[in-house]
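Student: The opening position of the sequence shown corresponds to residue 1 in full-length UniProt numbering, with each subsequent residue numbered one higher. The C-beta atom is built at its ideal place from N, Cα and C for all residues, glycine as well. This structure is a prediction, so every number in the text was calculated from the model and none was measured. Before I ask anything, here is the structure I am working with.
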Amino acid sequence: MKKWMIYLCGINTVGLAAAIFLSEKEIVPTHFNFSGNADAWGNKWTYLLFAVIPIGIELSYQWRNRTMNQNDMILDNQKIERKLLSIITPMFIVLGGIFTYTALYGNGILGSFKYLIPALLGLVIVVISNDFGKIVQNRTLGIKVYWTLHDDTVWKKTHRLGGYLGVIGGLLLVVTGIAGYIVQNASVLAYGSGISMILVVVIPIFYSWRLYTRLHPKGKKS
1 MKKWMIYLCG INTVGLAAAI FLSEKEIVPT HFNFSGNADA WGNKWTYLLF
51 AVIPIGIELS YQWRNRTMNQ NDMILDNQKI ERKLLSIITP MFIVLGGIFT
101 YTALYGNGIL GSFKYLIPAL LGLVIVVISN DFGKIVQNRT LGIKVYWTLH
151 DDTVWKKTHR LGGYLGVIGG LLLVVTGIAG YIVQNASVLA YGSGISMILV
201 VVIPIFYSWR LYTRLHPKGK KS
């Protein structure tokens, strides 16, 4: 684990613990709908999960590298994985800060944050998608479905397509967040998120199935 990541996770843990301890509220919102309104409630210490998750991600990554460091597929993808974690871990910390602040010190409504969140997620998806075509076939990173795992050609073409669609879907989320803020209409988020999900997840998986069945018309494994 890089030193700056250790410091970041440490500061996040101390900051969240202090914010939770100092809050006078005991029961707080634990889930928000697309409109940014709370629709589930729980104990305030639930938000300590936003400190545990980033640490858990980093520790899991380090443990896997130490126990499986002879695996060629993992070594081939290590540089990409490290880059992804350097983006995903801070993202969880930022999201944790937003939700914790809103729940503990806000009025239970996300307000303008509900437009910022999809825009932030969209930027992360764009950055991640830029490396999709470089991911070597493995069972821990990428689009891991039956058809990609059983044919290297299907894996490569699916991830190449997934990279392009991921950039488009991510940018759509960014535009969705901005547009939703401008018109102050949360329904924009639902439509934009739905279309983005189809582009980023559904189409690549469907494509991998179609390509696999075309390459293996009799359903034989490669």
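Taking contact to mean 3 or more Cβ pairs, one atom from each stretch, closer than 8 Å, check whether the stretch 105-117 and the stretch 131-149 are in contact.
Tutor: Because the criterion of three Cβ pairs below 8 Å is not met, the stretch 105-117 and the stretch 131-149 do not touch.
Student: Please classify G219 as buried or exposed, where buried requires at least 16 neighbouring CB atoms within 10 angstroms.
Tutor: On the sequence shown, residue 219 is found 219 positions in, with the first residue counted as 1. Any answer about G219 is weak, because its pLDDT of 48 lies below 50 and its placement is not dependable; what the coordinates show is given next. G219 is exposed by the Cβ-count criterion.
Student: Apply the 10 Å Cβ neighbour rule to D39 and answer buried if 16 or more other Cβ atoms are within range, or exposed otherwise.
Tutor: The count along the sequence shown starts at 1 and reaches residue 39 at position 39. Exposed is the label assigned to D39, since fewer than 16 other Cβ atoms lie within 10 Å of its Cβ.
Student: Inspect the beta-carbon positions of G166 and I203 and report whether they are closer than 8 Å.
Tutor: On the sequence shown, residue 166 is found 166 positions in, with the first residue counted as 1. On the sequence shown, residue 203 is found 203 positions in, with the first residue counted as 1. If you check the CB distance, G166 and I203 do not come in under 8 Å.
Student: Distance check for T140 and H159, CA to CA, integer angstroms please.
Tutor: Counted from its first residue, the sequence shown places residue 159 at position 159. Counted from its first residue, the sequence shown places residue 140 at position 140. Their Cα atoms are separated by approximately 14 Å.
Student: Kindly examine the ligand HEM and report whether one of its heavy atoms sits closer than 7 Å to the Cβ of A18.
Tutor: Looking at this structure, you won't find the ligand HEM or any other ligand, since it has none at all.
Student: Between L84, L121 and R82, which has its C-alpha nearest V94's C-alpha?
Tutor: The residue labelled residue 94 in the question sits at position 94 within the sequence shown. That would be L121, whose Cα lies nearest to the Cα of V94.
Student: Out of curiosity, what's the CA-to-CA distance linking T13 and T102?
Tutor: Here the question's residue 13 lines up with position 13 in the sequence shown. Here the question's residue 102 lines up with position 102 in the sequence shown. The alpha-carbon atoms of T13 and T102 are separated by roughly 17 Å.
Student: Please return the same chain residues whose Cβ sits closer than 7 Å to the Cβ of S208, not counting the five positions on each side in sequence.
Tutor: Here the question's residue 208 lines up with position 208 in the sequence shown. If we look at S208 and ignore the five residues flanking it on each side, its Cβ neighbours are I143, V145, W147, T148, V154 and T158.
Student: From N33, S129, S193 and P217, pick the residue whose C-alpha is nearest to that of residue 236; which is it?
Tutor: One cannot answer for residue 236 here, as it falls past the ends of the chain, which runs 1 to 222.
Student: Is it right to say A51 is buried, meaning 16 or more other beta carbons lie within 10 angstroms of its own, or is it exposed?
Tutor: Numbered from its first residue, the sequence shown carries residue 51 at position 51. It counts as buried.
Student: When the Cα of F21 is compared with those of L48, V136, G170 and Y212, which residue comes out closest?
Tutor: Taking the sequence shown and counting its residues from 1, one reaches residue 21 at position 21. Among L48, V136, G170 and Y212, the Cα nearest to that of F21 is on L48.
Student: Does the Cβ of I198 have 16 or more other Cβ atoms within 10 Å, making it buried, or fewer, making it exposed?
Tutor: Working through the sequence shown from its first residue, we reach residue 198 at position 198. With fewer than 16 other Cβ atoms within 10 Å, it is exposed.
Student: What is the residue span of the alpha helix (DSSP H) that P204 lies within?
Tutor: The residue labelled residue 204 in the question sits at position 204 within the sequence shown. Start and end: I203 to L215.
Student: Between which residues of its own chain and L104 is the CB-CB distance below 8 Å, once the five residues before and five after are set aside?
Tutor: Here residue 104 refers to the residue found at position 104 of the sequence shown. For L104, where only same-chain residues beyond five positions count, the Cβ hits under 8 Å are A19, I20, S23, K25, V28, K44 and Y47.
Student: Over what stretch of residues does the beta strand (DSSP E) that includes T30 continue unbroken?
Tutor: In the sequence shown, residue 30 corresponds to position 30, counting from 1. It spans I27 to F32 - the beta strand (DSSP E) in which T30 sits, taken as one unbroken run.
Student: Closest by CA to L123, which one among L84, I53 and A17?
Tutor: The residue given as residue 123 occupies position 123 in the sequence shown. Here the closest residue by C-alpha is L84.
Student: DSSP three-state label for N37, please.
Tutor: As a first step, residue 37 must be located in the sequence shown, where it is residue number 37. In the structure shown, N37 sits in a strand (DSSP, three-state: E or B).
Student: Give me, in chain order, the residues of the same chain whose beta-carbon lies closer than 6 Å to that of G180; leave out the 5 immediate sequence neighbours on both sides.
Tutor: Counting from one through the sequence shown, the residue named residue 180 turns up at place 180. So the qualifying residues of the chain are Y115, V188 and L189.
Student: Using the three-state DSSP reduction, which class does N43 fall into: helix, strand or coil?
Tutor: The residue given as residue 43 occupies position 43 in the sequence shown. Reduced to three states, the DSSP call for N43 is strand.
Student: Just to confirm, is the Cβ distance from M5 to T89 under 8 Å?
Tutor: Looking up residue 5 in the sequence shown gives position 5. Looking up residue 89 in the sequence shown gives position 89. Yes, the Cβ-Cβ distance between M5 and T89 is below 8 Å.
Student: Count the other CB atoms within 10 Å of the CB of P118; is the residue buried (16 or more) or exposed (fewer)?
Tutor: Position 118 of the sequence shown, counting from 1, holds the residue named residue 118. Looking at its Cβ environment, which holds 16 or more other Cβ atoms inside 10 Å, P118 is buried.
Student: For Q78, which residues in the same chain have their Cβ closer than 8 Å to its Cβ, ignoring the five residues on either side in sequence?
Tutor: Position 78 of the sequence shown, counted from the first residue, corresponds to residue 78. Closer than 8 Å at Cβ, skipping near neighbours: N65.
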